[in-house]
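Data first, discussion second: the structure below is written as structure tokens.
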Amino acid sequence: MKVGDLVRVLPAKFGHYIVLGRTKMPDDYVGRTVYWDLAPLSDTAHDFGGPMDEKYIEVVSESR
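Read left to right, the sequence shown gives residues 108 to 171 (the working numbering).
As structure tokens, then:
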């Protein structure tokens, strides 16, 4: 996964997001998994993005 990829969030698979970059989570955050900043596109039910755990992201189209 990389910046500019078009993705969907599982399990809903509704709406599309653009990957903006990796998110720095606090060092004491439980799990220490990889999080990505997402920005919603117009077909998304809500108008906010934010950090999302990598395991819930499905890449729809890779950026060049």
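Even glycine gets a Cβ: it sits at the ideal position worked out from N, Cα and C.
**OP:** Rank E161, R171 and E169 by C-alpha distance to the C-alpha of L117 and give the top, closest one.
**Re:** E161
Subject >> Of the residues T140, P133 and L127, the one placed nearest A146, counting alpha carbons only >> reply: L127
**OP:** Could you tell me if V110 is buried or exposed, where buried requires 16 or more neighbouring beta carbons within 10 angstroms of its beta carbon?
**Re:** exposed
Original post:
By Cβ distance, which residues of its chain are closer than 8 Å to R129, with the 5 residues on each side in sequence left out?
Top reply: V141, Y142, W143 and D144
Original post:
Can you tell me the Cα-Cα spacing of E169 and H123, whole angstroms?
Top reply: 13 Å
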